[in-house]
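Participant: Numbering (the numbering used here), first residue to last: 63 to 553.
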Amino acid sequence: MAEPEQVDVVVVGLGVGGEEVAGRLAEAGLSVVGIERNLVGGECPYWGCIPSKMMIRAANALAEARRVDGLAGTAQVRPDWAPVAKRIREEATDTWNDRVAVERFTGRGGRFVRGSGRLEGPGRVRVGDQVFQARYGVVLGTGTRPAVPPIDGLAGTPYWTNREAIEVEELPESLLVLGGGAIGLELSQVFARFGVRVTVVEAMDRVLAVEEPEASEVAAAALRADGVEIHTGVRAERVDHDGERFTLRGAGGVEFTGERLLVVTGRRAHLDELGLDTVGVDASQRYLPVDDRMQVTDGLWAVGDVTGEGAFTHVAMYQAAIVIADLLDRARHARAGADPSGTASVVGGAMGAASALSASGSSGSAGTVPRADYRALPRVTFTDPEVGAVGLTEEQARARGINVQVGFSKLADSTRGWIHRVGDEGFIKVVADADQGVLIGATSVGPAGGEVLSGLVVAVHGAVPVSQLRHMIYAYPTFHRAIEAALGNLH
Ligand SMILES: Cc1cc2nc3c(=O)[nH]c(=O)nc-3n(C[C@H](O)[C@H](O)[C@H](O)COP(=O)(O)OP(=O)(O)OC[C@H]3O[C@@H](n4cnc5c(N)ncnc54)[C@H](O)[C@@H]3O)c2cc1C
């Protein structure tokens, strides 16, 4: 039985959230062990945000070239997947090798251990034969994996998840996509623009079901215009693979076929692998519930997708800043107690990190720990047009009993939309709390929907009075002038 080795902090899972926490704490002078069983950096750089956005950039270039006709002459487009696959291999993922990321972490002073970490009691983590005992705390940043539904026949077939879709070097002739959420739609549009015959099958009655219904409509119409077949309200009942093709059968006898099947029906945390019972935490939950300082229980923090607060890199980074501040605060108090002279080395690091946090715009001032607040959580689906949203949808706001007002404005009715012409589909929708006189949610769909969203995020985050938003000056002729128009018809 290995003797536990004393360290300050152990971080299990070095995805976006875990790597940030571990690296910043190591830089601040704590002894930090970072444990990762796969690739340091996690899903986002290797199979998520970054390569998928490279694919989208390429697909959008094709779409823009196809818009030349009627605007600027004629253009012939011959899609080629090879440069996209090459860029993903060489620039984004280093052929799925994390050597640079490991060196980045160890260069910041962290100690890296490759393997699967598991709790063995408060503050104690085992990885292989090694056991670490953390003085200040353990942080779990173990993320999620694809949730594959228990459809008859599916297990055992060579279906794709996001990983195979991102790694693909030769495109199939046809692709069935099970799931019409953000990831499903982004990848469907990309592959369709490169000439793949894509069929989306979604159980809900609309795609992008978590967003405003108007956004679902625009996104579905845009994908259909790219040749994607979309079938909503279809519950998949059986999957078969005959060695060459997939057949997906849905309730009511509908049937779809495709050379490949991509399953993107959500993501799941695997809490049962983490030894949570040894610290009195229920591992049968869907996610790890955390308080507003990201604490699961005393001495145990969680960060990123595993918390279920929003599966986005920007949520993981936001939460990481809170965990860092909270752990440094704990270390500073502990060391000040052990060393009343106050000269313990972490004090400088802690204060440095705290002021860096406040300088980077995190809530809370130097020396205080910021608290998590998700009221103004932004999210962007990078289809073309992009679907950006923040805060509550109209339906969510009404379900909370809020006295709701809604304003809506189509981009095509704005000067910029009219100038843009082809590809100008989109709108701004704002949701206000009429009693408070502030926006509590908004949706921005359009060619730059995700960028236009930022003004709306500020409005929701800062609870800026609608009366003030109405009397701002909106640059002419920008897409974001549609915000002013939407505010003008709030009712
Ligand atoms: C196709 C796709 C596109 C996306 N696009 C976007 C986007 O555009 N914008 C956006 O904000 N987000 C996007 N996301 C989501 C984003 O990737 C995640 O929100 C982000 O990666 C979460 O980071 P994390 O640190 O919580 O977890 P992860 O990145 O999942 O990292 C968790 C790490 O923990 C490791 N691990 C798990 N258990 C253990 C263990 N017991 N011991 C050791 N290591 C362990 C795993 O190997 C993994 O490396 C996308 C996701 C996908 C799949």
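For each residue, glycine too, the CB sits at the ideal point set by N, CA and C.
1. Determine, using beta carbons only, whether Glu264 and Thr294 come nearer to each other than 8 Å.
2. Which residues bound the alpha helix (DSSP H) around Trp480?
3. State the Cα-Cα distance for the pair Val83 and Ala281, rounded to the nearest angstrom.
4. Counting Cβ pairs closer than 8 Å, one from the stretch 500-512 and one from the stretch 436-455, do we hit at least three?
5. Check each candidate in Glu235, Thr430 and Trp222 and name the one with the smallest Cα separation from Trp143.
6. In the DSSP assignment, find the alpha helix (DSSP H) that holds Arg128 and state where it starts and stops.
7. Hey, Leu389 and Val74: beta-carbon distance below 8 Å or not?
8. Tell me Ser506's beta-bridge partners as DSSP assigns them.
9. What are the complete beta strand (DSSP E) segments, minimum 3 residues, inside the stretch 335-408?
10. Just list the alpha helix (DSSP H) runs in the stretch 133-197, keeping only unbroken ones of 4 residues or longer that don't cross its boundaries, in chain order.
11. On the three-state DSSP scale, how would you describe Gln68?
12. Identify whether His332 lies in helix, strand or coil by the three-state DSSP scheme.
13. Please determine whether the Cβ atom of Phe167 lies at a distance below 7 Å from any heavy atom of ligand 2.
14. Would you grab the beta carbon distance between Val102 and Leu124 for me? Rounded to a whole angstrom, and I think it's under 8 Å.
15. Taking just the CA atoms, how far does Arg188 sit from Glu65?
16. Using the C-alpha atoms, what's the distance from Val78 back to Val230?
17. Is there at least one non-hydrogen atom of ligand 1 closer than 7 Å to the beta-carbon of Ile213?
18. Could you say if the stretch 261-276 and the stretch 237-244 meet the contact criterion of at least three C-beta pairs nearer than 8 Å?
19. Exposed or buried, which one is Pro539 when buried takes at least 16 other CB atoms within 10 Å?
20. Buried or exposed for His482, going by 16 or more other Cβ atoms inside 10 Å?
21. Within its chain, find whatever has a CB closer than 8 Å to the CB of Pro145; leave out the 5 residues flanking it on each side and keep chain order.
22. Closer than 6 Å by C-beta to Gly110: which residues in its own chain qualify, once you throw out the five before and the five after it? Chain order, please.
23. Based on the DSSP output, what are the partners of Gly469 in its beta bridges?
24. Use the C-beta contact count for Asp367: other C-beta atoms within 10 angstroms, 16 or more gives buried, fewer gives exposed.
25. For ligand 1, any of its heavy atoms closer than 7 Å to the Cβ of Ser178?
26. Of all the options Asp446, Gln498 and Lys472, which has the alpha carbon lying nearest to the alpha carbon of Val466?
27. Answer yes or no: the CB of His523 versus the heavy atoms of ligand 1, is any distance below 7 Å?
28. When you measure from the CB of Leu101 to every non-hydrogen atom of ligand 1, does any distance come out below 7 Å?
29. Assess, as a yes-or-no matter, whether the stretch 303-310 is touched by the stretch 333-353 under the definition of 3 or more beta carbon pairs within less than 8 Å.
30. Hey, Gly85 and Arg170 are a contact pair by Cβ (cut 8 Å); roughly how many whole angstroms apart?
31. Taking the alpha-carbon of Thr443 as reference, which of Asp353, Val258 and Gly508 has the nearest alpha-carbon?
32. For Phe253, name the three-state secondary structure that DSSP assigns.
33. If we count the other Cβ atoms within 10 Å of its Cβ and call it buried at 16 or more, is Met534 buried or exposed?
34. Expressed to the nearest angstrom, what Euclidean distance is found between the alpha-carbon atoms of Asp391 and Arg355?
Facilitator: So, from the data block:
1. Here residue 264 is taken as the residue at index 202 of the sequence shown, counted from 1. Here residue 294 is taken as the residue at index 232 of the sequence shown, counted from 1. Yes, they are a contact pair.
2. Counted from its first residue, the sequence shown places residue 480 at position 418. Note, Trp480: alpha helix (DSSP H), Thr477 to His482.
3. Locating residue 83 in the sequence shown gives position 21, where the first residue counts as 1. Locating residue 281 in the sequence shown gives position 219, where the first residue counts as 1. For Val83 and Ala281, the distance between alpha carbons rounds to 36 Å.
4. With the cut-off at 8 Å, the stretch 500-512 and the stretch 436-455 touch.
5. If you number the sequence shown from 1, residue 143 lands on position 81. Ranking Glu235, Thr430 and Trp222 by Cα distance to Trp143 puts Glu235 first.
6. The count along the sequence shown starts at 1 and reaches residue 128 at position 66. Unbroken alpha helix (DSSP H) run through Arg128: Cys111 to Arg128.
7. Taking the sequence shown and counting its residues from 1, the one referred to as residue 389 is at position 327. Taking the sequence shown and counting its residues from 1, the one referred to as residue 74 is at position 12. Contact flag unset, no.
8. In the sequence shown, counting from the first residue as 1, residue 506 sits at position 444. Gly450 and Ile490.
9. 357-359 and 362-364
10. 144-149 and 161-169, all fully within the stretch 133-197.
11. As a first step, residue 68 is located in the sequence shown; it is residue number 6 there, counting from the start. Here Gln68 sits in strand by DSSP.
12. Numbered from its first residue, the sequence shown carries residue 332 at position 270. The answer is coil: DSSP assigns His332 none of H, G, I, E or B.
13. Ligands displayed in this structure: ligand 1; ligand 2 is not among them.
14. In the sequence shown, counting from the first residue as 1, residue 102 sits at position 40. In the sequence shown, counting from the first residue as 1, residue 124 sits at position 62. No, Val102 and Leu124 are not in contact; Cβ-Cβ is about 33 Å, not under 8 Å.
15. Position 3 of the sequence shown, counting from 1, holds the residue named residue 65. Position 126 of the sequence shown, counting from 1, holds the residue named residue 188. Cα to Cα, Glu65 sits roughly 11 Å from Arg188.
16. Against the sequence shown, residue 230 aligns to sequence position 168. Against the sequence shown, residue 78 aligns to sequence position 16. Those two C-alpha atoms are separated by around 23 Å.
17. Here residue 213 refers to the residue found at position 151 when the sequence shown is read from its first residue. No, the beta carbon of Ile213 sits no closer than 7 Å to any heavy atom of ligand 1.
18. yes
19. Here the question's residue 539 lines up with position 477 in the sequence shown. With fewer than 16 Cβ atoms within 10 Å of its Cβ, Pro539 is classed as exposed.
20. Along the sequence shown, read from residue 1 onward, the residue named residue 482 stands at position 420. Looking at its Cβ environment, which holds 16 or more other Cβ atoms inside 10 Å, His482 is buried.
21. Indexing the sequence shown from 1 puts residue 145 at position 83. Contacts found: Ala120.
22. The sequence position of residue 110 within the sequence shown is 48, counting from 1. Excluding positions up to five away in sequence, the list is empty.
23. The residue labelled residue 469 in the question sits at position 407 within the sequence shown. DSSP lists Val492 as partners of Gly469.
24. For this step, residue 367 is matched to residue 305 along the sequence shown. Asp367 is buried by the Cβ-count criterion.
25. For the purposes of this step, residue 178 is taken as residue 116 along the sequence shown, with counting starting at 1. Answer for Ser178: yes, Cβ within range of ligand 1.
26. Taking the sequence shown and counting its residues from 1, the one referred to as residue 466 is at position 404. It is Gln498.
27. Within the sequence shown, the letter at position 461 stands for residue 523. False, no ligand heavy atom lies under 7 Å from that Cβ.
28. Within the sequence shown, the letter at position 39 stands for residue 101. Flag set: Cβ of Leu101 near ligand 1.
29. Proximity of the stretch 333-353 to the stretch 303-310 falls short of the contact definition, fewer than three beta-carbon pairs being nearer than 8 Å.
30. Residue numbering aside, residue 85 sits at position 23 when the sequence shown is read from its first letter. Residue numbering aside, residue 170 sits at position 108 when the sequence shown is read from its first letter. That pair is a contact at about 5 Å.
31. On the sequence shown, residue 443 is found 381 positions in, with the first residue counted as 1. Here the closest residue by C-alpha is Gly508.
32. Here residue 253 corresponds to residue number 191 of the sequence shown, with the count starting at 1. Looking at Phe253 - three-state DSSP - the assignment turns out to be helix.
33. Residue 534 sits at position 472 when you count from the first residue of the sequence shown. Exposed, by the Cβ-count rule.
34. Residue 391 sits at position 329 when you count from the first residue of the sequence shown. Residue 355 sits at position 293 when you count from the first residue of the sequence shown. Their backbone Cα atoms lie some 11 Å apart in a straight line.
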